[in-house]
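Asks:
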Amino acid sequence: MDIVLEQVEYRYAANSPFEKKAVEDVTFKIPEGQCTAIIGHTGSGKSTLLLHLNALLKPTSGTVQIGERTVKAGRKEKDLKPIREKVGIVFQFPEQQLFEETVMKDICYGPMNFGVSEEEAKKRAAFWLKEVGMPEEVLGKSPFDLSGGQMRRVAIAGVLAMEPEVLVLDEPTAGLDPRGRREMMEMFYRLHKERGITLVLVTHSMEDAARYADKVVVMHKGRKVHEAPPRELFSDTARLAEWGLGVPEVVKFQRMLEEKTGKAFPKVCLTMDELADMLKLGGESL
Amino acid sequence: MMEKMIFGRYIPADSIAHRMDPRAKLIFVFAFIAIIFIANDVWGYVIAAAFTYISVKMSGLSLRFLISGLKPVMILIAFTFLLQLFFAREGNVVLDLGFIQIYEEGIRQAFFISMRFTLLVFMTSLLTLTTTPISITDGLESLLNPLKKIKFPAHELALMMSIALRFIPTLMDETDKIMKAQMARGSDMSSGPLKDRIKAIVPLMIPLFVNAFKRAEDLATAMEVRGYRGGEGRTKYRLLFWKARDTFALLSLVLLAAVLAAFRFWI
Ligand SMILES: Nc1ncnc2c1ncn2[C@@H]1O[C@H](COP(=O)(O)OP(=O)(O)O)[C@@H](O)[C@H]1O
Ligand SMILES: [Mg+2]
Chain E
19 MDIVLEQVEY
29 RYAANSPFEK
39 KAVEDVTFKI
49 PEGQCTAIIG
59 HTGSGKSTLL
69 LHLNALLKPT
79 SGTVQIGERT
89 VKAGRKEKDL
99 KPIREKVGIV
109 FQFPEQQLFE
119 ETVMKDICYG
129 PMNFGVSEEE
139 AKKRAAFWLK
149 EVGMPEEVLG
159 KSPFDLSGGQ
169 MRRVAIAGVL
179 AMEPEVLVLD
189 EPTAGLDPRG
199 RREMMEMFYR
209 LHKERGITLV
219 LVTHSMEDAA
229 RYADKVVVMH
239 KGRKVHEAPP
249 RELFSDTARL
259 AEWGLGVPEV
269 VKFQRMLEEK
279 TGKAFPKVCL
289 TMDELADMLK
299 LGGESL
Chain G
-17 MMEKMIFGRY
-7 IPADSIAHRM
3 DPRAKLIFVF
13 AFIAIIFIAN
23 DVWGYVIAAA
33 FTYISVKMSG
43 LSLRFLISGL
53 KPVMILIAFT
63 FLLQLFFARE
73 GNVVLDLGFI
83 QIYEEGIRQA
93 FFISMRFTLL
103 VFMTSLLTLT
113 TTPISITDGL
123 ESLLNPLKKI
133 KFPAHELALM
143 MSIALRFIPT
153 LMDETDKIMK
163 AQMARGSDMS
173 SGPLKDRIKA
183 IVPLMIPLFV
193 NAFKRAEDLA
203 TAMEVRGYRG
213 GEGRTKYRLL
223 FWKARDTFAL
233 LSLVLLAAVL
243 AAFRFWI
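These protein sequence lines map, in sequence, to chains E and G. Just so it is clear: in the first sequence, position 238 is 256 by our numbering, and no numbers are missing. Just so it is clear: in the second sequence, position 91 is 73 by our numbering, and no numbers are missing.
Put into structure tokens, the structure is as follows:
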């Protein structure tokens, strides 16, 4: 299922003195089965944009096509549930959405809202809890007795248990420790690779964008200013700086190396492994 | 709809009303609430409405904006209007619809009560629209200060109010966020039978309460580590200045009261 945004504009509190344009003239496509990263400075409209992907917000102008459905400005939409079933969103700080007495019940909440039987929902709960790296005995506990990081995992399991086709992640690792971050991202990436789930990832981490994305969309002041594969994007450091963005550490390192040795590498390396391979090759020919 | 509602919000601007001393504005509004009850005929309400209109002009806000912003409150007022219209049973029957009669007094009451209500809402909104929450609290504390002699907790009350006011927008944002998060999980708060809709509120209220308690705890800790120990001997960073315009505003109210009383008792 592709999602296509066309000239999407969103104004908060439209036609009131508090009107605030958060997103303007954004057009791009989220192709099925790919990982699309959205990066941009705080306040550039990333979260607002994400809310359009499952029709939680309707554009004030433009259209959003989600699979077969088209959400258009100014048109009343009915029965949005099928959209929300297919497009799951993990919000920033998802641990805030937990409310049930037990972890089991909380994970079952989403699937059961979409008509999954209780029995099946419980099965899914057990399965997805394990997937997010939590022990099974947690199922009977109150989510409020868990640590922050554990709550986050449970909340994510609650969205995954809906088994959406498209998984939208709004800074899913913000506030986690480095190891938790790595584990979490690896888990999403594995789901993406193994199950073909379409990923949309909003992130502040250039490393994550470089490592996981097939395509990176850059937002700046509510507009889409660039759209490119990571390798192309991160080879233009100066341009990124204009939008208040950096490049991954490994790219910085490569640039420093190039400067000191006076030799330009044939391509930008996006991960440490790539750079290591490149250096090995270079070492032989030097 | 929530984001358009202006009831209880502050709109920064530079107008006479904005620059007035918050104490004067508080007295002004409370006195107005009392004075409006003097009016009991059409002329009284026309004058009170004109007075309100001038006050709106002084605030630099447009009447259109106020009316559109107060629409949700207006619905409430319309409802009161109908209630009065159908349930007051005095005077002559004006209209007989068979199952219900509308009385002369009903029309009168409905008109006056909704008019009074409208003017009150406008005036109180003007107060909050032109005064930052923090100045309102400062003003209130300053007005209540004399009561400290009889052990009235003026400072604590003001502090509680300012904290409450400070967190209203935060709570609204949070409500919006959690609502969206649960909607993404398939909760449906805007359609379906009433029973289901009420059920759908639980996943919203619990996270809200949990967060509110957590925040209260954090705030208490933060205040404690910064050495907060009540209002005793505490000086103010923001000082209040009473100017001529504040006196004039209150005098205009005295005039309004006199005119309304004249209409009521002598004319
Ligand atoms: N509920 C809201 N009401 C009004 N303005 C908002 C709201 N949410 C976000 N905004 C504004 O919209 C802009 C984009 O915000 P957001 O989409 O959250 O950006 P990002 O996720 O990139 O940090 C910001 O200027 C923000 O202040
Ligand atoms: Mg955001």
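Note that the Cβ used here is the ideal one computed from N, Cα and C, for glycine as well.
Checking contacts by CB at 8 Å: is residue 54/G closer than that to chain E?
Replies: With 8 Å as the cut-off, residue 54/G does not count as an interface residue toward chain E.
Asks: Out of 162/G, 166/G, 220/G and 191/G, which one is the CA nearest neighbour of residue 149/G?
Replies: Selected option, being the one with the closest Cα: 191/G.
Asks: Can you tell me where the beta strand (DSSP E) with residue 79/E in it begins and where it stops?
Replies: Looking at the DSSP string, the run of the beta strand (DSSP E) that includes residue 79/E is 79 to 84.
Asks: Residue 167/G CB to nearest chain E CB: under 8 Å?
Replies: So, interface residue.
Asks: Please confirm if residue 160/G has its CB atom under 8 Å from at least one CB of chain E.
Replies: Closer than 8 Å: yes.
Asks: Give a yes or no on whether the C-beta atoms belonging to residue 162/G and residue 74/E are separated by under 8 Å.
Replies: Their beta carbons are under 8 Å apart, which means residue 162/G touches residue 74/E by this criterion.
Asks: Could you work out which residue in 96/G, -7/G and 6/G is closest to residue 232/G when comparing CA atoms only?
Replies: It is 6/G whose Cα lies nearest to the Cα of residue 232/G.
Asks: Grab me the residues of residue 180/E's own chain with a C-beta within less than 7 Å of its C-beta, minus the 5 sequence neighbours each way, in chain order.
Replies: Once the five neighbours on either side are set aside, the close Cβ partners of residue 180/E are 103, 106, 128, 129 and 132.
Asks: Could you give the residue range of the alpha helix (DSSP H) that holds residue 57/E?
Replies: Element bounds for residue 57/E: not the alpha helix (DSSP H) but the beta strand (DSSP E), 53 to 58.
Asks: Name, please, each residue of chain E whose Cβ falls closer than 8 Å to the Cβ of residue 170/G.
Replies: Result: 99 and 131.
Asks: If the criterion is Cβ atoms closer than 8 Å, does the pair residue 106/G and residue 11/G meet it?
Replies: Taking 8 Å as the Cβ cut-off, residue 106/G and residue 11/G qualify as a contacting pair.
Asks: What are the boundary residues of the beta strand (DSSP E) that includes residue 116/E?
Replies: Run containing residue 116/E: none; DSSP gives neither H nor E here.
Asks: Since residue 124/E and residue 161/E are thought to touch, with beta carbons under 8 Å apart, how far apart are those beta carbons, to the nearest angstrom?
Replies: About 6 Å; that satisfies the 8 Å criterion.
Asks: Residues of chain G with a CB under 9 Å from the CB of residue 103/E: which are they?
Replies: In chain order: 168.
Asks: Applying a beta-carbon distance threshold of less than 7 Å, which residues of chain E neighbour residue 193/G?
Replies: Going along chain E in sequence order, the residues near residue 193/G (Cβ under 7 Å) are 114.
Asks: How would you call residue 14/G, buried or exposed, if buried means at least 16 neighbouring beta carbons within 10 angstroms?
Replies: Looking at its Cβ environment, which holds 16 or more other Cβ atoms inside 10 Å, residue 14/G is buried.
Asks: Comparing the CB of residue 85/G with every heavy atom of ligand 1, is any distance shorter than 7 Å?
Replies: Incorrect: residue 85/G has no Cβ contact closer than 7 Å to ligand 1.
Asks: Does the beta carbon of residue 132/G come closer than 8 Å to any beta carbon on chain E?
Replies: It does not: the Cβ of residue 132/G has no partner Cβ on chain E nearer than 8 Å.
Asks: Hey, how far is the Cα of residue 76/E from the Cα of residue 229/E?
Replies: Roughly 32 Å between the two C-alpha positions.
Asks: Any idea what DSSP makes of residue 33/G, helix, strand or coil?
Replies: Helix, per DSSP.
Asks: Who are the Cβ neighbours of residue 147/E in its own chain at under 6 Å, not counting the five residues just before and after it?
Replies: So the list reads 175, once near-sequence residues are dropped.
Asks: Quick test of the definition: if touching needs 3 or more C-beta pairs under 8 Å, does the segment 186 to 204 of chain E touch the segment 108 to 122 of chain E?
Replies: They touch, by the three-pair rule.
Asks: Between the Cα of residue 96/G and the Cα atoms of 116/G, 69/G and 63/G, which residue gives the shortest distance?
Replies: Per the Cα distances, 63/G.
Asks: Classify residue 229/G: buried if its beta carbon has 16 or more other beta carbons within 10 angstroms, exposed otherwise.
Replies: By the neighbour-count rule (16 or more Cβ atoms within 10 Å), residue 229/G is not buried but exposed.
Asks: DSSP has residue 21/E in a bridge; who is on the other side?
Replies: Its beta-bridge partners are 48/E and 84/E.
Asks: Give me the Cα-Cα distance between residue 72/G and residue 94/G, rounded to the nearest whole angstrom.
Replies: Computed Cα separation, rounded: 15 Å.
Asks: Identify the contact partners of residue 198/G in chain E, using a Cβ-Cβ distance below 8 Å as the criterion.
Replies: Within 8 Å Cβ-Cβ: nothing; residue 198/G doesn't reach chain E, min ~16 Å.
Asks: Closest Cβ-Cβ distance between residue 184/E and chain G: below 8 Å?
Replies: So no, residue 184/E is outside the interface.
Asks: CB of residue 30/E to nearest heavy atom of ligand 1: below 7 Å?
Replies: Correct: residue 30/E has its Cβ closer than 7 Å to ligand 1.
Asks: Which residues of chain G have a Cβ atom closer than 7 Å to the Cβ of residue 158/E, listed in chain order?
Replies: Chain G residues near residue 158/E: none, gap ~18 Å exceeds 7 Å.
Asks: Could you name each continuous beta strand (DSSP E) segment of 3 residues or more that falls completely within the segment 166 to 236 of chain E, going from the start of the chain to the end?
Replies: Taking only runs of at least 3 residues, the beta strand (DSSP E) segments lying wholly in the segment 166 to 236 of chain E are 184 to 188 and 216 to 220.
Asks: Report the option in 36/E, 239/E and 234/E whose CA atom is closest to the CA atom of residue 265/E.
Replies: That would be 234/E, whose Cα lies nearest to the Cα of residue 265/E.
Asks: Helix, strand or coil for residue 134/E? Go by DSSP, reduced to three states.
Replies: It is coil, neither helix nor strand.
Asks: Are the CB atoms of residue 81/E and residue 24/E within a distance shorter than 8 Å?
Replies: A contact, by the Cβ cut-off of 8 Å.
Asks: Return yes when the Cβ of residue 18/G is within less than 8 Å of the Cβ of residue 101/G, no when it is not.
Replies: Yes. Within cutoff.
Asks: At a threshold of 7 Å, does residue 65/E count as lining ligand 2 (C-beta to nearest heavy atom)?
Replies: Residue 65/E Cβ: within cutoff of ligand 2.
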